[in-house]
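Top line first, the protein sequences correspond to chains Z and R.
Everything in the first sequence is counted per the working numbering, starting at 1 for the first residue and increasing by one.
Everything in the second sequence is counted per the working numbering, starting at 1001 for the first residue and increasing by one.
Some notes on the structure that comes next.
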Amino acid sequence: MNSPRVLIIIPCYNEQGSIAALLQEISACQRGYETIVVDDGSQDATYQVARQFSPTVKQLKNLGIGAAVQVGIKYAHSKGFDFCVQIDGDGQHKPGEISKLLQAYQEMPHSIIIGSRYLQNDTFRSTWVRRFGGRVIAKVMNTLFSQCAVTDPTSGMRLMDRKAIEFFAKHYPHDFPEPISLAWALKAGLTVGEVQVKMRTRVHGNSSIVGLKPISYMFRVLGYIVLARFMRIASL
Amino acid sequence: MPTASIKTIIIITLFASGYMFFIIRKTARGQLDLYDLFMLSAVAIIPSAFAIFPQFANFLAVITGVLFPFVVLFGALLAILFVFIHRLTVKIHILESDNRLFLQELSLLKQTVEYVDDKKSRAPQTGPPIVEYVDNKKNRVTQTGPAIVEYVDNKKNQAPQTGPTT
């Protein structure tokens, strides 16, 4: 049986400092993963650096992480990949942990497998505001979607199988994509699983969700999740 | 029942006429569609109707239970404005989605083109150099008839002269 084709989608915005090391780390895993870097209209040399190591798509304009990830998913769909794994371009997600997602899929084949920071132990360092917001979002999602039991709905590390790739190639949220994409997928009948992964702290750059922004982020996400629960996917 | 003065009616009529001319011209040039014309013309038509026909304004005020007719006027204009803004918002959202989709597809297409170009420039030559191949083909062509030059000459010599020579 042929080993499945896995595409790693790396959305980037101004990550010239970390993208080369990340791509080299993926290559060093020697698992046969293919990569696609999606440069979301960076103003630095991210595209030039990434091109040396991986096929790279440069979006003509900054459209946000949701649009960037969807470009990667469309690429996976058009090239017929069996799985795609989304990881961040800032080096927070360890490429070595990708195998855990694949193993989790083999044990229990959910359409989406999230790499969770909080599933088994609570040692990942984050601000209390972000942690609180994430917990509330998880709680609401698990309540509204009975088949869902996630602990880290905002994780940017996730595996998608062919069914999820086909769905997300057509429907992918561009605002708050991580949690909302889960809500849409659950509404469409896809299943979601989780596996504990280790993540690093950001090496370069700064998060855009700082201060009290996580609280407003949380309320807006909750609104979208409630909307997703009650609207038809065809109207997306 | 208060009525508008002649001066007021003239001013409102002038404004309404000028504004209607302005938006009809824009519609004729394709800058506005008929729906936009209809909605924007309310800014001219409703105040004109209220000024020229005060009985109508009072009738509406009685029906809606409002004391002053100008409140009905502004209420009507606001309602039209809300409907117009709603439609614009929906339209902007659709355009935004389409724009995002086009940009995504263009970016993917650009990547595909660059990939093909890169592949071509790095492709190794597996056969003999192109120039030699062409030469070989030329040399291998067998002459099945007289050489072209000879053929033309023969045809010239064989063509019957039907008219005076030039």
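Glycine included, each C-beta is placed from N, C-alpha and C at the ideal position.
Excluding its 5 nearest sequence neighbours in each direction, Thr151(Z) has C-beta neighbours in its own chain below 7 Å: Ser116, Tyr118, Leu119, Ala138, Glu194, listed in chain order. Arg1100, Leu1103, Gln1104, Leu1106: these are the residues of the stretch 1087-1106 of chain R whose beta carbon lies less than 7 Å from some beta carbon of chain Z, given in chain order. Within the DSSP secondary-structure output, Arg158(Z) pairs in a beta bridge with Gln86(Z), Ile114(Z).
His110(Z) and Thr191(Z) do touch by the CB rule: their CB atoms are close to 4 Å apart, below 8 Å. For Pro173(Z), no Cβ of chain R is located within less than 8 Å of the residue's own Cβ. Ser155(Z) and Ile1092(R) have their C-alpha atoms roughly 31 Å apart. Between Ala1044(R) and Ala1016(R), the CB-CB gap stays under 8 Å.
In this chain, the beta strand (DSSP E) harbouring Leu7(Z) covers 6-12. Phe1068(R) has its alpha-carbon roughly 21 Å from the corresponding atom of Ile1011(R). Around the beta-carbon of Ser216(Z), fewer than 16 other beta-carbon atoms lie within 10 Å, marking it exposed. Beta-bridge pairing by DSSP links Val195(Z) to Gly115(Z). Pro179(Z) is outside the set of residues whose beta carbon lies under 8 Å from a beta carbon in chain R. Within the stretch 51-73 of chain Z, the residues whose Cβ lies closer than 8 Å to any Cβ of chain R are, in chain order, Pro55, Thr56, Val57, Lys58, Gln59, Leu60, Lys61, Leu63, Ala67, Gln70, Val71. For Glu34(Z), the enclosing beta strand (DSSP E) stretches over residues 34-39. For Val57(Z), the three-state secondary structure derived from DSSP is strand. Using a Cβ-Cβ cut-off of 8 Å, Tyr75(Z) counts as an interface residue toward chain R, since at least one Cβ of chain R sits closer than that to its own. Going by DSSP, Gly134(Z) is part of the alpha helix (DSSP H) stretching over 128-144. Going by beta carbons, Leu1037(R) and Gln59(Z) fall outside the 8 Å limit. When rounded, the separation of the alpha-carbon atoms in Ala1042(R) and Ile73(Z) is 48 Å. Taking 8 Å as the cut-off, the beta carbon of Met157(Z) is found closer than this to the beta carbon of Ile87(Z). Assigned with DSSP and collapsed to three states, His1093(R) falls in helix.
Ile180(Z) and Leu1101(R) have their alpha carbons spaced roughly 19 Å apart. Cβ-Cβ separation between Asn14(Z) and Thr56(Z): approximately 14 Å, too far for a contact (criterion under 8 Å). DSSP, read as helix, strand or coil, puts His174(Z) in coil.
Taking Ala169(Z) as the centre and dropping the five residues before and after it, the same chain places the C-beta of Ile73, Lys74, His77 closer than 6 Å to its C-beta, in chain order. Taking C-alpha positions only, Leu1088(R) is separated from Asp1098(R) by approximately 15 Å.
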